[in-house]
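Q: Position 91, counted from 1, in the sequence shown is what my numbering calls 91; the numbers after and before it change by one each time, with no gaps.
Shown below is the structure under consideration.
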Amino acid sequence: MLRILRAAYALSLAAACLAGAVSPSLADEFPSKPIRWIVPFSPGGATDIVARVVGQKMQEAWGQPVVVENKPGAGGTLATDLIARAAPDGYTIGGISLNYTMYPFLYPSFPFNILKDFSPITLVARIPSILVVTPAMPVNSVDDLIRAAKASPGKIGFASGGGVGTGGHVAGELFKKMTGVDMTHIPYKGGGPATADLIGGHVQISFATTTSIVEAIRANKVRPIAVTSATRFALFPDLPTISESGVPGFVTEEMQGIVAPAGVPPAIIDKLNREIVRILNLPEVRDRLVNLGATPVAGTPAEFADYLRTESAKWAEVFKDSGITAE
């Protein structure tokens, strides 16, 4: 699959670059037709929720439809191909998550570079994950989970909403490495399906993003154990961090960002950025994202590019130490 994507991308790159020249007048008129927003996972997960909340406000402001398309599969690489190969005119954008900074290390032959093949628009939100268990499992703390996993090596399955190498998978592998337990990774195509199977007891635990799991926690359909961030989570202040629960130094957070294909004219990137940042700063949008479990972060394209460089460097070390690979 990755070899096919690499070949297709190479063939489309020259044409995309030629299509990327946009005059100031056309930039002023942008958008004059529907915007396509590609989501690399199934409906219900964090990336999907962000796209629908922000996309609806963009549509209201600009009078042009913002069409959210869910393209799950291959850990998000199918969506990556669609975004990278799209015409660099600003009419195709995509939501990305933390795993996009991990792909080059997960797939040694991965044909895209998040720092070169895309135009960063803005970082949208930082999203901690919550370690949750199915209600039928007699686990109420990180210590309980460690004891249960050591008593039954390999028999506890942890779900990830996105597949191999995504945030939920890496969090689980980091937990295994730092605690010495053996658990089995169960990949899903999105946060929605992973949560459904967790509620149904088909999988025992998950390191689920707050945006995809908060409602299930509130409905007492899953049991929260701890959060993966460095500090406690505002919506559940009594829930400890994993780090303070006996695994010092354990920290991992998801992120949500928006990119376009490489070569989109700066004037259009700036216009997209200004509108999305305006929307993210609306009180009702901030409150909606916070209630879903996200911490809104709105900045410039340059700031997002710096963030991606920093995260890529960090995860290069994590993958080197863990040996995780999909090839």
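Virtual Cβ for every residue (Gly too), placed ideally from N, Cα, C.
Looking at the structure shown, is His169 part of a helix, part of a strand, or coil, going by DSSP?
A: helix
Q: Quick one: grab the DSSP three-state call for Tyr91.
A: coil
Q: When burial is assigned at 16 or more other CB atoms within 10 Å of the CB, is His169 buried or exposed?
A: buried
Q: According to DSSP, is Gly161 helix, strand or coil?
A: Gly161 carries a strand assignment under DSSP once its states are collapsed to helix, strand and coil.
Q: Should Glu116 go down as buried or exposed, given a rule of 16 or more other Cβ atoms within 10 Å for buried?
A: In the sequence as displayed, the identity of residue 116 is Lys instead of Glu. By the neighbour-count definition (other C-beta atoms within 10 Å, threshold 16), Lys116 is an exposed residue.
Q: Can you check whether the CB of Arg126 is closer than 9 Å to the CB of Thr310?
A: no
Q: In the DSSP assignment, find the unbroken alpha helix (DSSP H) run with Arg147 in it and report its ends.
A: Val142 to Ala151
Q: Exposed or buried, Glu254, counting other C-beta atoms within 10 Å across all chains shown (16 or more means buried)?
A: buried
Q: I need the DSSP call for Phe236, collapsed to helix, strand or coil.
A: In this structure, Phe236 counts as coil in the three-state DSSP scheme.
Q: What is the DSSP secondary structure of Tyr107, counted as helix, strand or coil?
A: coil
Q: Using DSSP's beta-bridge definition, name the partner residues of Pro128.
A: Glu253
Q: Do the CB positions of Leu235 and Ile225 come within less than 9 Å of each other?
A: no
Q: Between the segment 92–103 and the segment 258–274, are three or more C-beta pairs nearer than 8 Å?
A: yes
Q: Between the beta-carbon of Ile279 and the beta-carbon of Ala27, is there less than 9 Å?
A: no
Q: Whole-angstrom Cβ separation of Ser141 and Ser245, contact assumed at under 8 Å?
A: 7 Å
Q: Would you please state the rounded distance, in angstroms, between the beta carbons of Ile276 and Val54? I believe it to be under 8 Å.
A: 6 Å
Q: Do you know offhand how far Gly41's Cα is from Arg232's?
A: Before going on, a small fix: residue 41 reads as Phe here, not Gly. Separation of Phe41 and Arg232 (C-alpha to C-alpha, rounded to the nearest whole angstrom) is 27 Å.
Q: Report yes if the C-beta distance between Gln204 and Thr122 is below 9 Å; otherwise report no.
A: no
Q: Give me, in chain order, the residues of the same chain whose beta-carbon lies closer than 7 Å to that of Ile146; leave out the 5 immediate sequence neighbours on both sides.
A: Thr179 and Val181
Q: Gly45: which of Phe207, Val285 and Ile35 sits nearest, CA to CA?
A: Phe207
Q: Using CA coordinates, which residue listed in Ser152, Ile199, Val164 and Ile268 is at the minimum distance from Pro31?
A: Ile268
Q: Can you list, in chain order, the residues of its chain whose CB lies under 8 Å from that of Lys355, leaving out five sequence neighbours each side?
A: Because residue 355 is not part of the residues shown, which for the chain are 1 to 327, the question remains open.
Q: Buried or exposed: Asn329, going by 16 or more other Cβ atoms within 10 Å of its Cβ?
A: Because the chain is modelled from 1 through 327, residue 329 falls outside the range shown and cannot be assessed.
Q: For Ala260, which residues does DSSP report across the bridge?
A: Ser119
Q: How about the segment 187–198 and the segment 207–222: do they share at least three Cβ pairs that are nearer than 8 Å?
A: yes
Q: Sorted by chain position, which residues of the same chain lie with C-beta nearer than 7 Å to Thr101's C-beta, five sequence neighbours on each side aside?
A: Ile114, Leu308, Glu311, Ser312 and Trp315
Q: If you draw a straight line from the C-alpha of Pro283 to the C-alpha of Ala298, how long is it?
A: 13 Å
Q: Which term fits Glu29, buried or exposed, when burial requires 16 or more other beta carbons within 10 angstroms of its beta carbon?
A: exposed
Q: Using 9 Å as the threshold, is the C-beta distance between Pro193 and Gly157 below it?
A: no
Q: Mark Asn281 as exposed unless 16 or more other C-beta atoms lie within 10 angstroms of its C-beta, in which case mark it buried.
A: exposed
Q: Got a sec, what are the start and stop residues for the alpha helix (DSSP H) Pro266 sits in?
A: Pro266 to Leu280
Q: Using DSSP's beta-bridge definition, name the partner residues of Asn99.
A: Per DSSP, none; premise fails for Asn99.
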